[in-house]
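One structure is given here, and the rest of the page talks about it.
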């Protein structure tokens with residue numbers, strides 16, 4: 007590389023026109039020579055650093071390649087293990103397949119969100135920030151760790167209770183007023199009973215898992231048989247309202263609530279209210295007895311009453 | 108200009124390297140979580 011010519015040209019560009027008029031100013035020329043040497047040295051240093059940079063770049067690139075390959079391998083193993091685990095879970099609980107379907111779908115969505123196969127396959131990760139990845143991984147971990155206990159829990163908590171409610175034989179609506187709102191999702195005729203059976207879901211579904219089946223009793227057609235499956239995870243809309251309509255509407259409700267899971271919550275709430283009232287009464291009594299004026303007034307009133315009684 | 112371009116490229120590749128390392132660590136963690144679930 008011929009650097010000197012380049013350097014000379016650049017130096018010429020910096021020359022002052024006044025210097026050309028006075029070429030006898032040698033010190034300036036000397037300065038020019040020393041500057042060109044410095045720049046030449048710098049250029050050489052730059053050249054060396056460029057080659058070092060290239061080497062470093064090659065090294066990091068090869069490291070990146072290795073990392074990408076390792077990541078792809080780990081991903082393959084991870085997904086293989088994941089599918090194996092899912093297979094095992096589905097074998098262990100075939101009856102819970104329907105319950106697990108939404109969870110699986112959600113997990114697939116999370117995988118799609120993570121976008122690992124795409125990012126890893128091409129080795130391009132520029133579009134995803136590490137914080138987001140970390141957050142998504144945390145979510146995924148939580149999802150994976152929470153999945154089984156949640157399903158098992160809801161499965162274990164599925165309680166079945168039956169309630170008999172008197173109903174007019176002319177009423178074919180199969181409606182049982184129990185304080186909760188229901189959505190009918192099906193009706194069918196069963197072999198053992200001439201009356202159809204209606205299927206309801208709680209209006210809070212899918213967050214609330216409770217289902218209800220209502221059918222007129224085969225033995226006594228004046229009764230409706232309501233079978234509840236599961237426990238409400240919320241309060242009924244009319245549970246604590248004091249209006250007359252809800253009270254009237256919940257005449258059969260009491261039966262249902264006591265038998266169903268919501269009854270426990272209602273009883274607990276009533277107990278809490280009772281305890282609160284007791285505490286309030288005790289506080290009032292203690293504050294009154296501490297008040298000497300009140301005690302004196304009470305004593306005077308009682309003694310006055312006694313004196314009046316003795317006079318008469 | 109060549110040097111600055113090289114420096115920029117090196118920065119980019121280094122950042123990519125860092126992300127890949129983080130992702131690899133996370134994937135290893137996830138893999139271990141799964142393995143524990145199986146065990």
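Chains as they are written, first to last, in the numbering used here: chain A, 7 to 318; chain B, 108 to 146. C-beta atoms are modelled at their ideal positions from N, C-alpha and C, and glycine is treated no differently. Since this is a predicted model, take the numbers as computed values, not measurements.
Quick check on the DSSP output: the alpha helix (DSSP H) that includes residue i runs from which residue to which?
{"i": "residue 309 (chain A)", "result": "298-317"}
{"i": "residue 118 (chain B)", "result": "109-145"}
Taking Cβ-Cβ distances shorter than 9 Å, what residues in chain B pair up with residue i?
{"i": "residue 63 (chain A)", "result": "113, 116, 117, 120"}
{"i": "residue 66 (chain A)", "result": "117, 120, 121, 123, 124"}
Identify the contact partners of residue i in chain B, using a Cβ-Cβ distance below 7 Å as the criterion.
{"i": "residue 60 (chain A)", "result": "113"}
Going by DSSP, what residue range makes up the beta strand (DSSP E) through residue i?
{"i": "residue 219 (chain A)", "result": "217-222"}
{"i": "residue 193 (chain A)", "result": "188-195"}
{"i": "residue 232 (chain A)", "result": "229-235"}
{"i": "residue 204 (chain A)", "result": "202-208"}
{"i": "residue 167 (chain A)", "result": "166-172"}
On the CB-based measure, 16 or more other CB atoms within 10 Å of its CB, does residue i come out buried or exposed?
{"i": "residue 191 (chain A)", "result": "exposed"}
{"i": "residue 195 (chain A)", "result": "exposed"}
{"i": "residue 177 (chain A)", "result": "exposed"}
{"i": "residue 187 (chain A)", "result": "exposed"}
{"i": "residue 137 (chain B)", "result": "buried"}
{"i": "residue 14 (chain A)", "result": "Below a pLDDT of 50, predicted positions are generally treated as unreliable, and residue 14 (chain A), at 36, falls in that range; the measurement from the model is reported next regardless. By the neighbour-count rule (16 or more Cβ atoms within 10 Å), residue 14 (chain A) is not buried but exposed."}
{"i": "residue 58 (chain A)", "result": "exposed"}
{"i": "residue 64 (chain A)", "result": "exposed"}
{"i": "residue 236 (chain A)", "result": "buried"}
{"i": "residue 268 (chain A)", "result": "Unreliable positioning characterises residue 268 (chain A) in this predicted model, as indicated by a pLDDT of 45, which lies under 50. A coordinate reading is not provided."}
{"i": "residue 134 (chain B)", "result": "buried"}
{"i": "residue 219 (chain A)", "result": "buried"}
{"i": "residue 193 (chain A)", "result": "exposed"}
{"i": "residue 115 (chain A)", "result": "Any reading at residue 115 (chain A) needs caution, since the residue's pLDDT is 40, under 50, leaving its predicted position unreliable; the model's value is listed next. Result: exposed."}
{"i": "residue 250 (chain A)", "result": "Note that residue 250 (chain A) scores 36 on pLDDT, short of 50, meaning its location in the model is unreliable and no value can be drawn from it."}
{"i": "residue 284 (chain A)", "result": "exposed"}
{"i": "residue 74 (chain A)", "result": "buried"}
{"i": "residue 305 (chain A)", "result": "exposed"}
{"i": "residue 127 (chain B)", "result": "buried"}
{"i": "residue 86 (chain A)", "result": "exposed"}
Residues of chain B with a CB under 8 Å from the CB of residue i: which are they?
{"i": "residue 56 (chain A)", "result": "109, 110, 113"}
{"i": "residue 52 (chain A)", "result": "110"}
{"i": "residue 235 (chain A)", "result": "None at all; the shortest Cβ gap to chain B is about 29 Å."}
{"i": "residue 69 (chain A)", "result": "124"}
{"i": "residue 73 (chain A)", "result": "124, 127, 128, 131"}
Less than 9 Å between the beta carbons of residue i and residue j, yes or no?
{"i": "residue 167 (chain A)", "j": "residue 234 (chain A)", "result": "yes"}
{"i": "residue 230 (chain A)", "j": "residue 180 (chain A)", "result": "yes"}
{"i": "residue 84 (chain A)", "j": "residue 141 (chain B)", "result": "yes"}
{"i": "residue 208 (chain A)", "j": "residue 200 (chain A)", "result": "no"}
{"i": "residue 56 (chain A)", "j": "residue 109 (chain B)", "result": "yes"}
{"i": "residue 232 (chain A)", "j": "residue 198 (chain A)", "result": "no"}
{"i": "residue 238 (chain A)", "j": "residue 145 (chain B)", "result": "no"}
{"i": "residue 124 (chain B)", "j": "residue 69 (chain A)", "result": "yes"}
{"i": "residue 217 (chain A)", "j": "residue 206 (chain A)", "result": "yes"}
{"i": "residue 175 (chain A)", "j": "residue 227 (chain A)", "result": "yes"}
{"i": "residue 114 (chain B)", "j": "residue 66 (chain A)", "result": "no"}
So, does the CB of residue i fall closer than 9 Å to a CB anywhere in chain E?
{"i": "residue 109 (chain B)", "result": "No chain E is present in this structure, whose protein chains are A and B."}
Worksheet item: Got a sec: which bits of the segment 75-93 of chain A sit with their beta carbon under 8 Å from any beta carbon on chain B, in order along the chain?
Response: Near chain B, meaning a CB-to-CB distance below 8 Å, the residues of the segment 75-93 of chain A are 76, 77, 80, 81, 83, 84, 87, 88, 90, 91.
Worksheet item: Residues in the segment 128-140 of chain B with C-beta within 8 Å of chain A's C-beta atoms, listed in sequence order?
Response: Across the segment 128-140 of chain B, CB contacts with chain A closer than 8 Å involve 128, 129, 130, 131, 133, 134, 135, 136, 137, 138, 140, in sequence order along the chain.
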